[in-house]
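The next block holds one structure in the form of structure tokens; read it before the comments.
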């Protein structure tokens, strides 16, 4: 292993077929604030869950609601490959988003888990600069 520190959960994402009911339930039950964020043609519902852990809700064709924990790692590609070698199925290969890279794996013994590698501030500034130059 390349790192001595334990990985930590940084985000919880609910996958559900009924986003409206799910958001209403958690907002009423736990007073979590819901904020709709537009991302091009899609949208995302961020949950304000308190200190330390971010959250969100995704509407999809899930047969039953599923909470997906995101664990921060140093190298999403390396951890994804290690999970594959340990017998996990890769549901989402490492891919880049605006703020970092993510992947999702599943195993019969351990369920589903997502890996998250945030971009460093320098990488975020570089991406913003290149988007401005494209205009």
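In our numbering, the protein residues as written are -15 to 119. C-beta: ideal position from N, C-alpha, C; glycine also. None of these values were measured; they are calculated from a predicted model.
Nearest neighbour of residue 99 by Cα position, chosen from 25, 80 and 14, turns out to be 80. Under the DSSP assignment, residue 89 falls in the beta strand (DSSP E) whose first and last residues are 84 to 91.
The three-state reading of DSSP puts residue 7 in helix, counting H, G and I together. Look at residue 37 here: in three-state DSSP terms it is coil, with no helix or strand label. With contacts defined as CB atoms closer than 8 Å, residue 85 and residue -4 fail to qualify as a contacting pair. Membership of residue 74 in the beta strand (DSSP E) is indicated by the continuous run 73 to 80. Per DSSP, residue 68 is one residue of the alpha helix (DSSP H) stretching across 60 to 69.
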